[in-house]
Amino acid sequence: MGSREVGRTAQVTVLLVVVALGLVGLPHVGSASAASYPVLPLALDRWFVSNLTGADLAPGGSGTIAYSIGDPMTGTPLISVVLTLDVYAFNEFPGNATSTVGASAAPILLNSTASGLEVNESVGVVAPGQAIGGSVGVRTSSTTPSGAFAVRTAIRFTAGGATYLLESRGWFTSAQWKAATEGANGSVVLNVTALGVSGVVPETSILVTSSALDYALWAVLAGGVLLIAVAAWLYFRPPKSRSGVRNAPDETQAPSALGRRRTKDGD
0 MGSREVGRTA
10 QVTVLLVVVA
20 LGLVGLPHVG
30 SASAASYPVL
40 PLALDRWFVS
50 NLTGADLAPG
60 GSGTIAYSIG
70 DPMTGTPLIS
80 VVLTLDVYAF
90 NEFPGNATST
100 VGASAAPILL
110 NSTASGLEVN
120 ESVGVVAPGQ
130 AIGGSVGVRT
140 SSTTPSGAFA
150 VRTAIRFTAG
160 GATYLLESRG
170 WFTSAQWKAA
180 TEGANGSVVL
190 NVTALGVSGV
200 VPETSILVTS
210 SALDYALWAV
220 LAGGVLLIAV
230 AAWLYFRPPK
240 SRSGVRNAPD
250 ETQAPSALGR
260 RRTKDGD
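Counting from 1, position 204 in the sequence shown corresponds to residue 203 in numbering that gives the first Met the number 0; the numbering is continuous, with no gaps.
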């Protein structure tokens with residue numbers, strides 16, 4: 000693995016931690032759902048939107064966010080499927096300052112029909128057991144700041160004559176999410192009825208990092224390795240006598256834990 004790839008791996012790890020910590024207390028925009036929808040079995044949620052990737056770009060760069068849309072509903076096709084992706088929050092790095100997204104310098108999502116902070120992907124019909132892959136483009140400007148831009152998702156479709164809506168965490172306020180996930184005696188539950196949706200889907204992020212940030216991360220990593228090396232040398236170096244006594248020669252064979260000939264306690 001090259002040094003550039005190692006640097007990317009390190010910064011992705013750092014920024015994902017920043018996202019996880021920084022977005023917890025962010026006041027999200029209210030849910031896109033305006034009415035209650037039929038509730039789906041929780042075990043099916045992860046199949047509707049899967050293989051969701053993020054993007055790791057430099058300011059002025061471009062890339063893609065990939066996804067798969069599947070139908071886990073036995074014998075029932077999904078009709079008029081629409082996937083929504085929306086850039087909704089920004090977590091600055093370094094600094095870990097979380098805020099809402101300003102459209103002037105934020106990454107832009109784009110597909111064949113639209114571009115902006117939000118795009119809708121019309122998938123059409125998905126047959127039972129089928130999975131359809133796709134992607135949306137991502138573009139940044141030279142003024143896009145370094146940090147993590149959270150991207151929430153939602154999927155809407157019709158199946159068996161009913162309309163379903165699944166949304167990710169970012170569509171709900173902290174109060175809504177807390178009310179829907181706190182069970183009795185502090186247990187964790189997921190009450191999608193309280194959220195007014197059919198289920199919950201994952202979301203992703205766009206990581207924007209400049210070359211200067213790469214160098215800074217490398218400097219931090221190099222400094223950490225140096226400190227570990229110095230500490231190890233200080234810990235394992237042989238002691239030096241100040242009275243002229245020489246160190247004992249190194250053992251050529253490790254002694255037994257009980258000594259060579261243990262005849263009584265204390266030997």
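Yeah, the Cβ is synthetic: ideal placement off N, Cα and C, and Gly gets one too.
Are the CB atoms of residue j and residue i within a distance shorter than 9 Å?
i: Val150; j: Ala57; result: no
i: Asp70; j: Leu77; result: yes
i: Val137; j: Ser61; result: yes
i: Phe92; j: Val100; result: no
i: Tyr36; j: Thr152; result: no
i: Ile154; j: Leu82; result: yes
i: Ala193; j: Ala174; result: no
i: Thr143; j: Ala104; result: yes
What are the partner residues of residue i, as DSSP defines its beta bridges?
i: Arg138; result: Ser61 and Ile107
i: Gly69; result: Ala130
i: Glu91; result: Gly146
i: Glu268; result: There is simply no residue 268 to check, as the chain begins at 0 and stops at 266 in what is shown.
i: Asn123; result: Note that residue 123 is Gly in the sequence shown, not Asn. Answer is Val80.
i: Ala158; result: Ala161
i: Phe114; result: As written in the sequence, residue 114 is Ser, which differs from the Phe given in the question. Leu109, per the DSSP bridge assignment.
i: Ser49; result: Ser67
i: Ser98; result: Phe89
For residue i, count neighbouring Cβ atoms within 10 angstroms of its own Cβ and tell me buried if that reaches 16, exposed if not.
i: Pro106; result: buried
i: Ala161; result: exposed
i: Ala54; result: buried
i: Thr203; result: buried
i: Ala42; result: exposed
i: Gly132; result: exposed
i: Ser141; result: exposed
i: Ser197; result: buried
i: Glu181; result: exposed
i: Gly59; result: exposed
i: Ser167; result: buried
i: Thr139; result: buried
i: Val187; result: exposed
i: Thr112; result: exposed
Leaving aside the five residues before and after residue i along the sequence, list all residues of the same chain whose C-beta is less than 7 Å from its C-beta, in chain order.
i: Gly146; result: Phe89, Asn90, Glu91, Phe92 and Val207
i: Val118; result: Leu84, Leu108, Leu109, Asn110 and Val135
i: Pro127; result: Asp70, Met72, Thr73, Gly74, Thr75 and Pro76
i: Pro40; result: none
i: Ser79; result: Phe156 and Thr157
i: Val17; result: Because Val17 sits at a pLDDT of 37, beneath the cut-off of 50, its placement in the model cannot be relied upon, and the following sentence gives the value as read from the coordinates. Excluding sequence neighbours, Val17 sits near Asn90, Phe92, Asn95 and Ala147.
i: Gly123; result: Val80
i: Asn190; result: Ala179
Taking 9 Å as the CB-CB limit, is residue i close to chain B?
i: Ala65; result: No chain B appears in the structure shown, which is made up of a single protein chain.
Spatial neighbours of residue i within its chain, please: C-beta separation below 8 Å, excluding the five flanking residues on both sides.
i: Val125; result: Ile68, Gly69, Asp70, Pro76, Leu77, Val80, Ile131 and Phe156
i: Tyr87; result: His27, Val28, Thr99, Val100, Leu116, Ala149, Val150, Arg151 and Gly169
i: Val199; result: Asp44, Leu165, Glu166, Ser167, Arg168, Leu189 and Val191
Who are the Cβ neighbours of residue i in its own chain at under 6 Å, not counting the five residues just before and after it?
i: Gly159; result: Thr75
i: Gln129; result: Asp70
i: Ser114; result: Ile107
Notebook entry, point to check: Touch check for the segment 35-52 and the segment 163-171: three-plus C-beta pairs under 8 Å?
Noted result: yes
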